[in-house]
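> I have a structure here, written as structure tokens, and I will follow up with some questions on it.
Numbering (the UniProt record's numbering), first residue to last: 1 to 271.
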């Protein structure tokens, strides 16, 4: 038997289909597709390699630093504790981190690179998951920088008090991650960067004003106002009712658009 016949015999051990001379090749062992770690790494690189993503991170760091310096110079000295400084430095992050999530979610559609991305990784659900994890990971890095800057400011010009409780620290991290996830959700929902940014900034604000100004909506606002229900989370004073209100607001403002947006990405035609 020749070497060619031997190789064929080893790789065509499936039953014959359509006659004696036609055989179905057996599946070769191994894990097909791109490893998820590589997809996640690619999404992280896309968030910081592009000019817009790089400048967004720089702007967040610069704004947080300017706020800390300004407060140390002109703010009341008794309020310059570690918790007070950290709250100030993370204040712009609550606004800018959702934009970072939007940019991660809309990259393929705004830069028209979807054909390349989904050709290399046809499983779009894995790409969506990688985008979510990449946005959360980068947000955590930015938060760590803000914590370090606040600690340095407390040592240099603050009161030197380390008054941040574990509940407040955990609530701060969770609240900022919720805002990042909201940005990703709105980005997937609209698949357009400017529209998603305007929506994530304007819609919750309009709803918050409406639930505050209109008495008939105040009770609903306590359950569906994400900005309102995250206030005790930032303060580390969550109770049972607070967690329930956070869950309902999270379902409406984050999970629902995330589900609809994921469905759109999975079924939208890439051009």
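Here a beta-carbon is modelled for each residue, glycine too, at the ideal position from N, C-alpha and C.
Taking only three categories from DSSP, how would you classify residue 98?
Of the three classes helix, strand and coil, the one that applies to residue 98 here is helix, per DSSP.
> If you draw a straight line from the C-alpha of residue 135 to the C-alpha of residue 215, how long is it?
Taking the straight line from one Cα to the other gives about 37 Å.
> Exposed or buried, residue 202, counting other C-beta atoms within 10 Å across all chains shown (16 or more means buried)?
The residue is exposed, with fewer than 16 neighbouring Cβ atoms inside 10 Å.
> How about residue 96 and residue 60: are their beta carbons less than 8 Å apart?
Yes, Cβ-Cβ distance for residue 96 and residue 60 is below 8 Å.
> Determine the DSSP secondary structure at residue 154, reduced to helix, strand or coil.
Residue state, collapsed to three classes: helix.
> Expressed to the nearest angstrom, what Euclidean distance is found between the alpha-carbon atoms of residue 36 and residue 128?
Those two C-alpha atoms are separated by around 11 Å.
> Helix, strand or coil for residue 112, going by three-state DSSP, please let me know.
Coil.
> Is residue 270 helix, strand or coil by DSSP?
If DSSP states are grouped into helix, strand and coil, residue 270 belongs with coil.
> Using the Cα positions of residue 188 and residue 225, report the straight-line distance between them to the nearest angstrom.
The straight-line gap from Cα to Cα measures roughly 21 Å.
> Enumerate in chain order the residues of its own chain whose CB-to-CB distance from residue 28 is below 6 Å, with the five nearest sequence positions on each side excluded.
Low confidence applies here, because residue 28 scores a pLDDT of 46, under 50, leaving its location unreliable and the question unanswered by this model.
> Does the beta-carbon of residue 109 have 16 or more other beta-carbons within 10 angstroms, so that it is buried, or is it exposed?
Buried, by the Cβ-count rule.
> Jot down the residue ranges of each uninterrupted beta strand (DSSP E) in the stretch 28-93, minimum 3 residues, whole runs only, in chain order.
With a minimum length of 3 residues, no continuous beta strand (DSSP E) run stays inside the stretch 28-93.
> Could you check the C-alpha separation between residue 41 and residue 139 for me, to the nearest Å?
For residue 41 and residue 139, the distance between alpha carbons rounds to 15 Å.
> Start and end of the alpha helix (DSSP H) containing residue 227?
Element bounds for residue 227: 226-229.
> Whose CA, out of 120, 87, 164 and 53, lies closest to the CA of residue 105?
Considering only alpha carbons, the answer is 53.
> Got a sec, what are the start and stop residues for the alpha helix (DSSP H) residue 188 sits in?
Start and end: 166-190.
> How far does the alpha helix (DSSP H) with residue 199 in it reach, from first residue to last?
Taken as a continuous stretch (DSSP letters only), the alpha helix (DSSP H) holding residue 199 covers 193-213.
> At which residues does the alpha helix (DSSP H) containing residue 248 begin and terminate?
Start and end: 240-250.
> So, helix, strand or coil for residue 219, using DSSP?
It is helical.
> For residue 93, count neighbouring C-beta atoms within 10 Å of its own C-beta (all shown protein chains included) and say buried if the count is 16 or more, exposed if not.
Answer is buried; the Cβ neighbour count reaches 16.
> Quick one: does the C-beta of residue 249 sit closer than 7 Å to a heavy atom of the ligand GDP?
Among the ligands in the structure shown, none appear at all, so the ligand GDP cannot be discussed.
> Are residue 321 and residue 218 closer than 8 Å when you measure CB to CB?
In the structure as shown, the chain begins at 1 and stops at 271. Residue 321 is therefore absent and cannot be evaluated.
> Taking 8 Å as the limit between beta carbons, can you name the residues of its chain near residue 180, skipping five residues before and five after?
Only 97, 98, 100, 101, 135, 136 and 139 meet the Cβ criterion.
> In or out: residue 147 buried (at least 16 other Cβ within 10 Å) or exposed?
Looking at its Cβ environment, which holds 16 or more other Cβ atoms inside 10 Å, residue 147 is buried.
> Tell me whether the stretch 155-162 and the stretch 227-234 touch, counting them as touching only if at least three CB pairs, one residue from each stretch, are closer than 8 Å.
No, the stretch 155-162 is not in contact with the stretch 227-234.
> Indicate the three-state DSSP secondary structure (helix, strand or coil) for residue 272 in the structure shown.
Since the first residue of the chain shown is 1 and the last is 271, residue 272 is not available in this structure.
> Any idea if residue 271 is buried or exposed, counting beta-carbon neighbours within 10 angstroms, 16 or more meaning buried?
When all chains shown are included, residue 271 counts as exposed.
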